[in-house]
Structure formats: structure tokens, C-alpha cells
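Student:
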Amino acid sequence: MTTLLLTHPACLLHDTGYGHPERADRLRAIDDALAAAAFNSLKREEAPRADLAAIERLHPKAYVEMVKASIPQRDHKMLDSDTIVSPGSWEAALRATGASIYAVDRVMAGDADNAFCAVRPPGHHAEPSRAMGFCLFNGVAIAALHARVAHGAERVAVVDFDVHHGNGTQAAFWSERDLFYGSTHQMPLFPGTGALDETGVGNIFNAPLKPGDDGDEFRAAYETRILPALDAFAPDFLLISAGFDAHLKDPLAQLRMVEADFAWVTGKLLEAAGKHCKGKLVSTLEGGYDLDALASSAAIHVETLMGAAS
Ligand SMILES: [Zn+2]
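What follows is the structure in C-alpha cells.
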């Protein structure tokens, strides 16, 4: 049994333009880090394209068609002030979304213990009918719906430790009792959602952190709020929105996490998955914009996943 690593070269062809933080070099940095001998036992596969039918479980067909029609023949087109598409973006978005869906299939089938999807564009800011925050399709939320429809999962949880609140996932899950969303994130910060009192139908657990907070506050937020709620929810599948932009070196936010904090939270989520759903867990990359911090944080995250799989 193994940890599955999914990526696709098309994810490098989503070009956001000069100086944009969400750039192809992010995946190259992760790829370099995961080339080390310590990662030899990863099962590596290319991500398939997502079926439009799977995407349209979350995003209305009109929205999916709008995204497709917005893809320019050359150069760039802005969907909002920071969400940019280029000629390669459609294929990249299909592969990025397809990675999470396929990872669910493989883990559900018992072909892997768990999986990490090293893909872009990210997804957790994409609302059902709105692209934003560098995100086109919400791959993790789509994967959660896929786990229900294709595999009969009754209760699916997403835990999101990206420094930004996953407004898109929260919006998608808002009135769904059997879908859990738990998030630590900096507040105030983009996108502005994620307050403690945003609770959906008792299925949303936000734990906002203050600028300057470090691993102590981060761990306390999990210990006191998110992990007990996750335990009570008792998921039969667990997904992670794995953003590494809460790292102290990240240029987009002011939290002060280090690699050991990402290893810790990964371990805790593996523990929860082990307790409730035979370890079935799929993690997908969201943010992380300092290349060195992103690479070392993603590496320790994957190493921790592999530890559980061995
Ligand atoms: Zn982020």
C-alpha cells in the first residue's frame, strides 16, 4: 500500500502572467523536492481530465461554459482582478480537478492508502458560479461530491489549512449537513469570509487566526475546535485543502507556521482518517507562494502521508 502522487505537465501551462504569485514555478519547486530519494516509494501517475459531468455537480453548466469561453487564443484574460486565464488554462483546470476526482477513485478502490495532488490552478476560492482568488473550479469540493455519488460516501469532510479562507468550499457546503468544512485561516485577509459565527447548518467550523499567530495558536485551533468537530462528524472520507501559505516566509499573509506545524496537522488528520474512515484521505494543493517554503512544506506533508501508508 502506498501514497499516490498525482500531477500533470498541463498544470504548468496555466500562465498567469509576469509577476503573478500563483505561477508554474510553484509546481516545479514541489516536483524538485519530491525527486529526492526519500520519495522513491510514491506511486506516481498523471492526472486524467475531469469529466464535465463531475464538475457540473458543483458548478452550473452556464458557469463551466463561461470559463471555457473566456479562454483566450493567446495572451491573458482576467476573470477578476487576480484570476487570470491563458490558452493553457482550460486543460490545466481539467487536469487539476481530475486529479482530486481520480485520487478519490483510487483511494476508495484500495489502490492507495492516501494521495496528494500537486496541481494548479487551485480551487478553494471558486464558488459554484464565480471564479476568484486564482481559482476556476473547486477541485476539492467537486471531489467530495464525487465521493458521495460515485462511491456512496455518506459523510465527507474537507479540512483546509491554507492561510486564506476557502469561501468557495464553504459556499458549496453551506446547507449540506453531510458535508463538513473546517478551516484555519488568517483574518482579516482575502477573501474576508471565515468568521467563527459562519456555521452553515452546523457543518462549517471556522477557526480564524490573527496576523502574527504561530504554530501554538494554529495547533490550539485544531485541538480545541476543528479536530473535536471532525471527530463528532465521523467522516467516511477526508479531503485536505493543503495550502502552505500560512508559512512564516510566505509573502501573501502574516501567519508564522513552519514545516513542523504542517507535519503536525497532517499527522492529526491522518489520525482522524484512521479512526473514522480506514485512513482514506486525499490532499490537494491550494496556495503557497514562497517557493522554498512551499517545496519544503509540501515535502514534509507528503512524507507524513507516506509514513501513514508504509
Ligand atoms: Zn491561500
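With our numbering applied, the sequence shown corresponds to residues 323 to 632, in that order.
No residue lacks a Cβ here, since even glycine has one placed at the ideal position from N, Cα and C.
All figures in this text were calculated on a predicted structure; none of them were measured in a lab.
1. What does proline 513 pair with, by DSSP beta-bridge criteria?
2. Using a Cβ-based criterion (distance less than 7 angstroms to any ligand heavy atom), does histidine 381 qualify as near ligand 1?
3. What do you get for tyrosine 611, buried or exposed, if any count of 16 or more other CB atoms within 10 angstroms of its CB means buried?
4. Quick check on the burial criterion: 16 or more other C-beta atoms within 10 angstroms. Buried or exposed for alanine 582?
5. Cα separation between alanine 482 and alanine 529?
6. Any chance you could list the residues with Cβ under 7 angstroms from a heavy atom of ligand 1, keeping chain order?
7. Considering Cα atoms alone, identify which of Ala359, Asp519, Glu498 is closest to asparagine 525.
8. Keeping to the same chain, check which residues put their C-beta closer than 7 angstroms to that of glycine 420; ignore five residues upstream and five downstream.
9. Is proline 443 closer than 8 angstroms to alanine 466 when the C-beta atoms are compared?
10. Beta-carbon within less than 6 angstroms of serine 618's beta-carbon, same chain only, minus the 5 sequence neighbours each way: which residues are those?
11. Check glycine 629 in the structure and name its three-state DSSP category.
12. According to DSSP, is leucine 560 helix, strand or coil?
13. How should arginine 578 be labelled, buried or exposed, when 16 other C-beta atoms within 10 angstroms of its C-beta is the threshold for buried?
14. Identify whether asparagine 525 lies in helix, strand or coil by the three-state DSSP scheme.
15. Could you have a look at valine 407 and say whether DSSP puts it in helix, strand or coil?
16. Go to tyrosine 503, then tell me how far its beta strand (DSSP E) extends in each direction, as first and last residue.
17. Please classify glycine 455 as buried or exposed, where buried requires at least 16 other C-beta atoms within 10 Å of its C-beta.
18. Would a C-beta distance cut-off of 8 angstroms place phenylalanine 438 and serine 605 closer than the cut-off?
19. Taking aspartate 557 as the reference, give the member of Ala517, Leu574, Lys602, Thr515 with the closest Cα.
20. Around the Cβ of serine 451, are there at least 16 other Cβ atoms within 10 angstroms (buried) or fewer (exposed)?
21. Beta-carbon within less than 6 angstroms of histidine 398's beta-carbon, same chain only, minus the 5 sequence neighbours each way: which residues are those?
22. Is it right to say methionine 628 is buried, meaning 16 or more other beta carbons lie within 10 angstroms of its own, or is it exposed?
23. Which word fits glutamate 476, buried or exposed, when buried means at least 16 other C-beta atoms lie within 10 angstroms of its C-beta?
24. Using CA coordinates, which residue listed in Tyr424, Ser411, Gly410, Ala453 is at the minimum distance from tyrosine 385?
25. Using DSSP's beta-bridge definition, name the partner residues of asparagine 436.
26. Can you round the beta-carbon distance between proline 513 and histidine 447 to whole angstroms, since I take them to be within the 8 angstroms contact cut?
27. Helix or strand or just coil, what does DSSP make of valine 480?
28. Going straight from the alpha carbon of cysteine 333 to that of histidine 342, what length do you get?
29. Take the Cβ of arginine 631 as the centre, count every other Cβ of all protein chains shown within 10 Å, and call the residue buried at 16 or more, exposed below.
Tutor: According to the structure data:
1. Answer is none; proline 513 lacks a bridge partner.
2. no
3. buried
4. Answer is exposed; the Cβ neighbour count stays below 16.
5. One detail in the question is off: residue 482 reads as aspartate in this sequence, not alanine. Using only the alpha carbons, I get a separation of about 10 angstroms.
6. Asp484, Val485, His486, Gly565, Asp567, Leu574, Glu608, Gly609
7. Glu498
8. Excluding the 5 residues flanking it on each side, glycine 420 has same chain C-beta neighbours closer than 7 angstroms at Ala369, Pro370, Arg371, Ala372, in chain order.
9. no
10. Glu581
11. The answer is helix: DSSP assigns glycine 629 an H, G or I state.
12. Strand.
13. buried
14. Note: asparagine 525 maps to coil in three-state DSSP.
15. If DSSP states are grouped into helix, strand and coil, valine 407 belongs with the strands.
16. 501-508
17. Around the beta carbon of glycine 455, a 10 Å sphere encloses 16 or more other beta carbons of the protein chains shown; the residue is thus reported as buried.
18. yes
19. The amino acid occupying residue 557 in the given sequence is proline; aspartate does not appear at that position. The option with the nearest alpha carbon to proline 557 is Lys602.
20. Exposed is the call here.
21. Gly339, Ile406, Ser408
22. buried
23. Exposed is the label assigned to glutamate 476, since fewer than 16 other Cβ atoms lie within 10 Å of its Cβ.
24. Residue Ala453 is the option with its Cα nearest to tyrosine 385.
25. Looking at the DSSP assignment, asparagine 436 forms a beta bridge with Thr325, Leu603.
26. 6 angstroms
27. strand
28. Taking the straight line joining both Cα atoms gives about 15 angstroms.
29. According to the sequence provided, residue 631 is alanine. The question's arginine does not apply to it. Classification of alanine 631: buried, given that the 10 Å Cβ count is 16 or more.
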